[in-house]
Amino acid sequence: MRLDLTCVIAVLAVVVSTPAEAQKQDQIRLNQIQVIGSHNSYHAGLAPSEAVLLRKSDPKEAANLDYRHPALDLQLANGVRQLELDIFADTKGGRYANPAGLRMVAQAGLPADPPYDPEGLLKKPGFKVLHMQDIDYRSNCQPFTGCLGVILGWSKAHPGHLPIFILVESKEGTDRDFQVAPEAFTPAVFDAVDREIRSVFPRSKMITPDDVRGQHATLEEAILSSGWPSLESARGKFVFLLDQRKAGPAYLEGHPSLKGRVIFTNAEPGSPDAAFVEVNDPLRDPAVIPSLVRKGYLVRTRTDAELEQARAGDVKQRDAALASGAQILSTDFPFQERATWSGYAVSFPEGTIARCNPVAKPANCAAERLER
(Lines of atoms letter the chains of each structure in order from A; the text may use other names.)
(Lines give C-alpha, C1' and ligand atoms only; values in the text may rest on other atoms or scores of the structure.)
Protein backbone atom coordinates (compact mmCIF):
# COMPACT_ATOMS: atom_id res chain seq x y z
CA MET A 23 0.00 0.00 0.00
CA ARG A 24 2.86 2.31 0.84
CA LEU A 25 4.42 1.73 -2.60
CA ASP A 26 1.10 2.50 -4.33
CA LEU A 27 0.74 5.77 -2.41
CA THR A 28 4.28 6.75 -3.36
CA CYS A 29 3.51 6.13 -7.03
CA VAL A 30 0.33 8.21 -6.83
CA ILE A 31 2.21 11.11 -5.23
CA ALA A 32 4.89 10.90 -7.92
CA VAL A 33 2.32 10.94 -10.71
CA LEU A 34 0.52 13.92 -9.15
CA ALA A 35 3.81 15.76 -8.83
CA VAL A 36 4.47 15.31 -12.54
CA VAL A 37 0.97 16.44 -13.48
CA VAL A 38 1.19 19.51 -11.27
CA SER A 39 4.71 20.50 -12.29
CA THR A 40 4.41 19.94 -16.01
CA PRO A 41 2.53 23.20 -16.88
CA ALA A 42 4.90 25.27 -14.76
CA GLU A 43 7.91 23.57 -16.28
CA ALA A 44 6.49 24.15 -19.76
CA GLN A 45 6.00 27.82 -18.92
CA LYS A 46 9.62 28.08 -17.76
CA GLN A 47 10.88 26.43 -20.93
CA ASP A 48 8.76 28.79 -23.02
CA GLN A 49 10.66 31.73 -21.54
CA ILE A 50 13.94 30.54 -23.09
CA ARG A 51 14.71 32.38 -26.32
CA LEU A 52 16.08 30.95 -29.53
CA ASN A 53 19.30 32.93 -29.04
CA GLN A 54 19.85 31.73 -25.47
CA ILE A 55 21.21 28.32 -26.39
CA GLN A 56 24.37 27.10 -28.10
CA VAL A 57 24.55 24.48 -30.85
CA ILE A 58 27.24 22.83 -32.96
CA GLY A 59 27.23 22.99 -36.74
CA SER A 60 29.24 21.44 -39.54
CA HIS A 61 31.34 23.53 -41.93
CA ASN A 62 30.63 22.74 -45.61
CA SER A 63 28.13 20.10 -44.52
CA TYR A 64 27.69 18.74 -48.05
CA HIS A 65 31.41 18.06 -48.55
CA ALA A 66 32.02 14.48 -49.71
CA GLY A 67 35.77 14.90 -50.19
CA LEU A 68 38.01 14.28 -53.20
CA ALA A 69 37.81 10.95 -54.99
CA PRO A 70 41.08 8.89 -54.92
CA SER A 71 42.51 9.83 -58.33
CA GLU A 72 41.32 13.42 -58.00
CA ALA A 73 43.22 13.61 -54.72
CA VAL A 74 46.39 12.20 -56.32
CA LEU A 75 46.20 14.78 -59.09
CA LEU A 76 45.64 17.74 -56.74
CA ARG A 77 48.42 16.64 -54.39
CA LYS A 78 50.82 16.85 -57.34
CA SER A 79 49.67 20.25 -58.56
CA ASP A 80 48.76 21.94 -55.27
CA PRO A 81 49.72 19.95 -52.15
CA LYS A 82 48.56 22.67 -49.76
CA GLU A 83 45.10 22.85 -51.31
CA ALA A 84 44.83 19.07 -51.31
CA ALA A 85 45.70 19.01 -47.60
CA ASN A 86 43.07 21.67 -46.82
CA LEU A 87 40.38 19.64 -48.58
CA ASP A 88 41.12 16.35 -46.80
CA TYR A 89 37.85 16.10 -44.90
CA ARG A 90 34.36 14.80 -45.61
CA HIS A 91 30.96 14.63 -43.95
CA PRO A 92 28.30 11.90 -43.96
CA ALA A 93 24.80 12.46 -45.34
CA LEU A 94 22.95 15.47 -43.97
CA ASP A 95 20.31 13.41 -42.18
CA LEU A 96 23.00 11.37 -40.44
CA GLN A 97 24.69 14.56 -39.28
CA LEU A 98 21.39 15.74 -37.83
CA ALA A 99 20.93 12.38 -36.12
CA ASN A 100 24.40 12.77 -34.59
CA GLY A 101 23.50 16.14 -33.07
CA VAL A 102 24.46 18.77 -35.66
CA ARG A 103 22.01 21.66 -35.53
CA GLN A 104 23.56 23.96 -38.13
CA LEU A 105 24.22 22.90 -41.71
CA GLU A 106 26.12 24.84 -44.36
CA LEU A 107 25.31 24.63 -48.07
CA ASP A 108 27.40 26.40 -50.72
CA ILE A 109 25.34 27.14 -53.80
CA PHE A 110 26.19 28.01 -57.41
CA ALA A 111 23.61 29.55 -59.73
CA ASP A 112 22.83 27.43 -62.79
CA THR A 113 19.90 29.01 -64.57
CA LYS A 114 20.00 26.84 -67.71
CA GLY A 115 21.48 23.70 -66.18
CA GLY A 116 24.64 21.79 -67.07
CA ARG A 117 27.17 24.48 -66.14
CA TYR A 118 28.80 22.21 -63.54
CA ALA A 119 27.89 18.82 -65.01
CA ASN A 120 31.30 18.06 -66.59
CA PRO A 121 34.03 19.28 -64.24
CA ALA A 122 37.55 19.73 -65.57
CA GLY A 123 38.87 17.49 -62.80
CA LEU A 124 37.30 14.45 -64.43
CA ARG A 125 39.01 15.20 -67.74
CA MET A 126 42.35 15.83 -66.02
CA VAL A 127 42.21 12.47 -64.25
CA ALA A 128 41.60 10.72 -67.58
CA GLN A 129 44.34 12.69 -69.35
CA ALA A 130 46.80 11.76 -66.58
CA GLY A 131 46.05 8.08 -67.11
CA LEU A 132 44.89 7.62 -63.51
CA PRO A 133 42.25 5.02 -62.54
CA ALA A 134 38.71 6.21 -63.05
CA ASP A 135 37.03 7.52 -59.92
CA PRO A 136 33.45 6.62 -58.89
CA PRO A 137 30.79 7.96 -61.27
CA TYR A 138 29.98 11.64 -60.94
CA ASP A 139 26.32 12.68 -61.12
CA PRO A 140 25.01 9.32 -62.39
CA GLU A 141 21.42 10.58 -62.19
CA GLY A 142 22.12 13.66 -64.30
CA LEU A 143 20.95 16.05 -61.60
CA LEU A 144 23.51 18.68 -62.53
CA LYS A 145 22.22 18.86 -66.09
CA LYS A 146 18.93 20.33 -64.91
CA PRO A 147 18.36 24.04 -64.13
CA GLY A 148 18.58 25.13 -60.52
CA PHE A 149 21.13 25.87 -57.82
CA LYS A 150 23.92 23.33 -57.36
CA VAL A 151 25.75 22.49 -54.14
CA LEU A 152 29.53 22.16 -54.35
CA HIS A 153 32.70 23.63 -52.92
CA MET A 154 35.00 24.58 -55.82
CA GLN A 155 33.88 24.19 -59.40
CA ASP A 156 36.10 21.88 -61.49
CA ILE A 157 38.34 21.06 -58.47
CA ASP A 158 36.34 20.01 -55.40
CA TYR A 159 32.87 19.21 -56.70
CA ARG A 160 31.60 16.02 -55.05
CA SER A 161 28.74 16.50 -52.58
CA ASN A 162 26.67 14.23 -50.37
CA CYS A 163 23.46 15.73 -51.80
CA GLN A 164 22.37 17.45 -55.01
CA PRO A 165 20.89 19.84 -56.13
CA PHE A 166 20.08 22.56 -53.59
CA THR A 167 16.41 21.56 -53.42
CA GLY A 168 17.47 17.93 -53.03
CA CYS A 169 19.66 18.80 -50.04
CA LEU A 170 16.81 20.77 -48.51
CA GLY A 171 14.52 17.80 -49.06
CA VAL A 172 16.84 15.52 -47.09
CA ILE A 173 16.86 18.00 -44.21
CA LEU A 174 13.08 18.42 -44.24
CA GLY A 175 12.62 14.64 -44.34
CA TRP A 176 14.67 14.24 -41.17
CA SER A 177 12.72 17.04 -39.51
CA LYS A 178 9.37 15.42 -40.23
CA ALA A 179 10.63 12.18 -38.69
CA HIS A 180 11.79 14.03 -35.54
CA PRO A 181 9.08 16.53 -34.57
CA GLY A 182 9.90 18.92 -31.77
CA HIS A 183 13.61 19.10 -32.55
CA LEU A 184 15.59 22.21 -31.71
CA PRO A 185 15.59 24.89 -34.42
CA ILE A 186 18.07 24.10 -37.17
CA PHE A 187 20.16 26.84 -38.74
CA ILE A 188 20.98 26.54 -42.45
CA LEU A 189 23.90 28.68 -43.57
CA VAL A 190 23.77 29.47 -47.28
CA GLU A 191 26.92 30.63 -49.06
CA SER A 192 26.48 32.12 -52.53
CA LYS A 193 29.55 31.18 -54.58
CA GLU A 194 31.04 33.34 -57.32
CA GLY A 195 34.41 33.82 -58.98
CA THR A 196 37.28 31.60 -60.12
CA ASP A 197 40.79 30.94 -58.84
CA ARG A 198 42.21 29.06 -61.84
CA ASP A 199 42.04 29.51 -65.60
CA PHE A 200 40.40 26.14 -66.25
CA GLN A 201 37.44 26.76 -63.94
CA VAL A 202 34.06 27.56 -65.44
CA ALA A 203 32.88 31.08 -64.58
CA PRO A 204 29.91 31.02 -62.18
CA GLU A 205 26.79 33.12 -62.66
CA ALA A 206 26.58 36.29 -60.61
CA PHE A 207 24.19 36.51 -57.67
CA THR A 208 22.04 39.44 -58.70
CA PRO A 209 18.86 40.45 -56.82
CA ALA A 210 16.89 38.41 -59.39
CA VAL A 211 19.07 35.35 -58.77
CA PHE A 212 18.52 35.74 -55.04
CA ASP A 213 14.78 35.88 -55.75
CA ALA A 214 15.23 32.42 -57.26
CA VAL A 215 17.06 31.23 -54.14
CA ASP A 216 14.08 32.25 -52.02
CA ARG A 217 11.72 30.50 -54.44
CA GLU A 218 13.67 27.26 -54.25
CA ILE A 219 13.67 27.33 -50.45
CA ARG A 220 9.93 28.02 -50.39
CA SER A 221 9.34 25.22 -52.88
CA VAL A 222 10.64 22.74 -50.29
CA PHE A 223 9.90 24.28 -46.89
CA PRO A 224 6.33 25.24 -46.00
CA ARG A 225 5.94 28.63 -44.38
CA SER A 226 5.10 27.01 -41.05
CA LYS A 227 8.56 25.37 -40.91
CA MET A 228 10.56 28.59 -41.20
CA ILE A 229 11.41 31.55 -38.99
CA THR A 230 11.88 34.48 -41.36
CA PRO A 231 13.01 38.10 -40.90
CA ASP A 232 9.36 39.20 -41.10
CA ASP A 233 8.51 36.91 -38.16
CA VAL A 234 11.26 38.40 -36.00
CA ARG A 235 10.74 42.04 -37.04
CA GLY A 236 7.02 42.03 -36.25
CA GLN A 237 5.75 45.60 -35.89
CA HIS A 238 9.19 47.12 -35.41
CA ALA A 239 10.59 49.54 -37.97
CA THR A 240 13.75 47.48 -38.52
CA LEU A 241 14.98 43.99 -37.86
CA GLU A 242 17.78 45.26 -35.65
CA GLU A 243 15.36 47.28 -33.54
CA ALA A 244 13.31 44.11 -33.04
CA ILE A 245 16.13 41.90 -31.81
CA LEU A 246 17.62 44.60 -29.59
CA SER A 247 14.32 45.39 -27.91
CA SER A 248 11.80 42.55 -28.24
CA GLY A 249 14.32 39.81 -28.90
CA TRP A 250 14.11 36.51 -30.78
CA PRO A 251 11.17 34.09 -30.64
CA SER A 252 10.91 31.64 -27.78
CA LEU A 253 12.67 28.31 -28.10
CA GLU A 254 9.38 26.46 -27.76
CA SER A 255 7.83 28.34 -30.67
CA ALA A 256 10.96 27.64 -32.75
CA ARG A 257 10.97 23.87 -32.27
CA GLY A 258 10.76 21.92 -35.50
CA LYS A 259 11.60 25.03 -37.52
CA PHE A 260 14.47 26.36 -39.61
CA VAL A 261 16.39 29.63 -39.72
CA PHE A 262 18.21 30.43 -42.97
CA LEU A 263 21.36 32.55 -42.74
CA LEU A 264 23.41 34.19 -45.51
CA ASP A 265 27.11 33.51 -45.09
CA GLN A 266 29.01 36.22 -46.95
CA ARG A 267 28.53 39.84 -45.93
CA LYS A 268 29.39 41.05 -49.43
CA ALA A 269 26.24 39.31 -50.71
CA GLY A 270 24.03 41.40 -48.44
CA PRO A 271 23.42 44.43 -50.71
CA ALA A 272 22.16 42.30 -53.61
CA TYR A 273 19.90 40.30 -51.32
CA LEU A 274 18.58 43.45 -49.65
CA GLU A 275 17.81 45.33 -52.86
CA GLY A 276 14.08 45.98 -52.98
CA HIS A 277 13.66 44.41 -49.53
CA PRO A 278 14.53 47.02 -46.87
CA SER A 279 15.27 45.42 -43.52
CA LEU A 280 14.75 42.06 -45.31
CA LYS A 281 11.00 42.54 -45.77
CA GLY A 282 9.62 39.57 -47.69
CA ARG A 283 12.93 37.70 -47.65
CA VAL A 284 13.60 34.18 -46.35
CA ILE A 285 17.23 34.49 -45.26
CA PHE A 286 18.86 36.60 -42.54
CA THR A 287 21.90 38.49 -43.84
CA ASN A 288 25.32 38.47 -42.21
CA ALA A 289 25.01 42.15 -41.38
CA GLU A 290 27.12 44.86 -39.85
CA PRO A 291 25.79 45.77 -36.38
CA GLY A 292 24.02 49.08 -36.64
CA SER A 293 22.41 48.24 -39.99
CA PRO A 294 18.60 47.94 -40.30
CA ASP A 295 18.96 44.26 -41.29
CA ALA A 296 21.37 43.38 -38.47
CA ALA A 297 20.20 40.35 -36.50
CA PHE A 298 22.77 37.72 -37.48
CA VAL A 299 26.53 38.37 -37.38
CA GLU A 300 29.53 36.19 -38.22
CA VAL A 301 32.70 36.53 -36.16
CA ASN A 302 34.71 33.59 -37.43
CA ASP A 303 37.79 33.99 -35.22
CA PRO A 304 36.90 34.02 -31.51
CA LEU A 305 40.55 34.57 -30.55
CA ARG A 306 41.18 37.80 -32.46
CA ASP A 307 39.27 39.95 -29.96
CA PRO A 308 37.70 37.80 -27.24
CA ALA A 309 35.39 40.60 -26.10
CA VAL A 310 33.55 41.02 -29.41
CA ILE A 311 31.35 37.93 -29.46
CA PRO A 312 30.14 38.12 -25.82
CA SER A 313 29.24 41.77 -26.36
CA LEU A 314 27.17 40.98 -29.44
CA VAL A 315 25.45 38.06 -27.73
CA ARG A 316 24.48 40.13 -24.68
CA LYS A 317 22.91 42.74 -26.97
CA GLY A 318 20.73 40.11 -28.65
CA TYR A 319 22.49 39.30 -31.93
CA LEU A 320 22.70 35.76 -33.23
CA VAL A 321 26.40 34.95 -33.76
CA ARG A 322 28.23 32.25 -35.68
CA THR A 323 31.89 31.52 -35.08
CA ARG A 324 34.36 28.82 -36.13
CA THR A 325 36.10 26.46 -33.75
CA ASP A 326 38.68 25.48 -36.38
CA ALA A 327 39.68 26.34 -39.94
CA GLU A 328 41.71 24.89 -42.81
CA LEU A 329 42.24 21.70 -40.74
CA GLU A 330 45.05 23.45 -38.84
CA GLN A 331 43.70 22.84 -35.34
CA ALA A 332 42.54 19.34 -36.22
CA ARG A 333 45.95 18.25 -37.48
CA ALA A 334 47.76 19.70 -34.46
CA GLY A 335 45.17 18.80 -31.84
CA ASP A 336 45.07 22.48 -30.90
CA VAL A 337 41.96 23.27 -28.85
CA LYS A 338 42.56 26.97 -28.06
CA GLN A 339 40.18 28.29 -30.74
CA ARG A 340 37.63 25.58 -29.96
CA ASP A 341 37.59 26.38 -26.26
CA ALA A 342 37.43 30.13 -26.92
CA ALA A 343 34.45 29.58 -29.22
CA LEU A 344 32.67 27.45 -26.63
CA ALA A 345 33.14 30.11 -23.96
CA SER A 346 32.31 33.06 -26.23
CA GLY A 347 28.54 32.64 -26.16
CA ALA A 348 28.29 32.43 -29.96
CA GLN A 349 25.08 30.52 -30.51
CA ILE A 350 26.42 28.62 -33.54
CA LEU A 351 29.79 26.86 -33.43
CA SER A 352 30.95 25.70 -36.86
CA THR A 353 33.51 22.89 -37.22
CA ASP A 354 34.81 20.35 -39.70
CA PHE A 355 34.68 17.75 -36.92
CA PRO A 356 31.37 17.77 -35.01
CA PHE A 357 30.63 15.17 -32.34
CA GLN A 358 31.60 11.68 -33.64
CA GLU A 359 33.47 13.02 -36.68
CA ARG A 360 36.92 12.98 -35.10
CA ALA A 361 40.07 14.03 -36.95
CA THR A 362 42.17 10.95 -37.71
CA TRP A 363 45.43 12.85 -37.10
CA SER A 364 44.76 13.91 -33.52
CA GLY A 365 41.30 12.81 -32.38
CA TYR A 366 40.20 16.46 -32.45
CA ALA A 367 36.44 16.99 -32.35
CA VAL A 368 33.92 19.51 -31.06
CA SER A 369 31.24 18.59 -28.55
CA PHE A 370 29.81 20.01 -25.35
CA PRO A 371 31.33 19.09 -21.97
CA GLU A 372 27.80 18.33 -20.77
CA GLY A 373 27.53 15.53 -23.34
CA THR A 374 24.36 17.07 -24.78
CA ILE A 375 23.34 18.01 -28.33
CA ALA A 376 22.86 21.63 -27.26
CA ARG A 377 23.44 23.60 -24.10
CA CYS A 378 22.33 26.75 -22.35
CA ASN A 379 24.27 29.73 -23.64
CA PRO A 380 27.26 30.42 -21.36
CA VAL A 381 26.94 34.19 -21.85
CA ALA A 382 23.16 34.62 -22.19
CA LYS A 383 21.89 31.74 -20.07
CA PRO A 384 18.42 32.24 -18.58
CA ALA A 385 18.01 31.08 -14.98
CA ASN A 386 15.46 28.40 -15.91
CA CYS A 387 17.52 26.75 -18.62
CA ALA A 388 18.60 23.11 -18.22
CA ALA A 389 20.80 21.61 -20.94
CA GLU A 390 19.39 18.10 -20.59
CA ARG A 391 15.88 19.35 -21.34
CA LEU A 392 16.71 21.30 -24.51
CA GLU A 393 16.62 18.47 -27.05
CA ARG A 394 13.67 16.13 -26.64
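Here the working numbering runs 22 ahead of the position in the sequence shown, where the first position is 1.
Using N, Cα and C, we set each Cβ at its ideal position, and we do this for glycine too.
Only a predicted model underlies this, so the values are computations on that prediction, with no experimental measurement involved.
How many Å lie between residue i and residue j at the Cα?
i: Tyr159; j: Leu107; result: 13 Å
i: Ala134; j: Arg333; result: 29 Å
i: His238; j: Pro121; result: 47 Å
i: Gly347; j: Gly258; result: 23 Å
i: Asn162; j: Lys281; result: 33 Å
i: Asp307; j: Gln49; result: 31 Å
i: Val407; j: His61; result: Residue 407 lies beyond the range of the chain shown here (23 to 394); nothing can be said about it.
i: Pro291; j: Ala342; result: 22 Å
i: Pro278; j: Tyr319; result: 19 Å
i: Ala385; j: Val222; result: 37 Å
i: Thr287; j: Val321; result: 12 Å
i: Glu205; j: Pro81; result: 28 Å
i: Arg117; j: Ala210; result: 19 Å
i: Ala345; j: Val299; result: 17 Å
i: Gln155; j: Ala367; result: 28 Å
i: Val172; j: Ser247; result: 36 Å
i: Asp303; j: Ile157; result: 27 Å
i: Leu170; j: Leu96; result: 14 Å
i: Met126; j: Glu83; result: 17 Å
i: Arg340; j: Asp326; result: 6 Å
i: Ala401; j: Phe200; result: Past the edges of the chain, shown from 23 to 394, lies residue 401, and the structure says nothing about it.
i: Arg423; j: Ser226; result: Beyond the ends of the chain as shown, which are 23 and 394, falls residue 423; an answer cannot be given.
i: Ile58; j: Ser369; result: 7 Å
i: Pro371; j: Ser252; result: 25 Å
Give the DSSP bridge partners of residue i, in chain order.
i: Cys378; result: Ile55
i: Ile350; result: Val57, Arg322
i: Asp158; result: Met154
i: Val337; result: Answer by DSSP bridge pairing: none, since Val337 is not bridged.
i: Pro70; result: For Pro70, which the question treats as bridged, DSSP gives no partner whatsoever.
i: Pro356; result: Val368
Check the C-beta distance from residue i over to residue j and give it rounded, since I have them as a contact under 8 Å.
i: Val284; j: Thr230; result: 6 Å
i: Ala376; j: Glu390; result: With 8 Å as the limit, Ala376 and Glu390 do not qualify as a contact, their Cβ atoms being about 10 Å apart.
i: Arg51; j: Trp363; result: Arg51 to Trp363, Cβ: 38 Å. No contact.
i: Val315; j: Asn379; result: 7 Å
i: Glu254; j: Asn86; result: The Cβ separation is near 41 Å, so there is no contact.
i: Gln104; j: Ile186; result: 7 Å
i: Phe207; j: Ala289; result: At roughly 16 Å, the Cβ-Cβ gap does not stay under 8 Å, so Phe207 and Ala289 are not in contact.
When you compare the segment 350-369 with the segment 68-79, are there three or more beta-carbon pairs, one atom per stretch, that lie closer than 8 Å? By the Cβ rule, the segment 350-369 does not count as touching the segment 68-79, because fewer than three pairs are nearer than 8 Å.
Segments assigned alpha helix (DSSP H), at least 4 residues, entirely inside the segment 252-316: Within the segment 252-316, the complete alpha helix (DSSP H) runs of at least 4 residues fall at 253-256, 270-274.
Within the chosen definition, does the segment 57-72 reach the segment 80-93 through at least 3 CB pairs nearer than 8 Å? Taking 8 Å as the limit for Cβ pairs, the verdict is that the segment 80-93 does touch the segment 57-72.
Contact the segment 286-297 vs the segment 259-275: 3+ CB pairs below 8 Å: By the Cβ rule, the segment 286-297 counts as touching the segment 259-275, because three or more pairs are nearer than 8 Å.
Could you say if the segment 190-204 and the segment 95-109 meet the contact criterion of at least three C-beta pairs nearer than 8 Å? For the pair of segments examined, the segment 190-204 was found to touch the segment 95-109: the number of CB pairs separated by less than 8 Å reaches three.
I'd like to know if the segment 212-231 and the segment 137-152 are in contact, where contact means that at least 3 CB-CB pairs between them fall below 8 Å. Yes: at least three Cβ pairs fall under 8 Å.
For the pair the segment 121-132 and the segment 166-185, tell me if three or more CB-CB distances fall below 8 Å. Judged by Cβ distances under 8 Å, the segment 121-132 makes no contact with the segment 166-185, as fewer than three pairs qualify.
Start-end ranges of the beta strand (DSSP E) lying completely within the segment 79-130, minimum 3 residues: The segment 79-130 contains these whole beta strand (DSSP E) runs: 104-110.
Identify every run of the alpha helix (DSSP H) within the segment 180-264, keeping only runs that are complete inside it and at least 4 residues long; order them along the chain. Segments of the alpha helix (DSSP H) lying fully in the segment 180-264: 209-222, 231-235, 241-247, 253-256.
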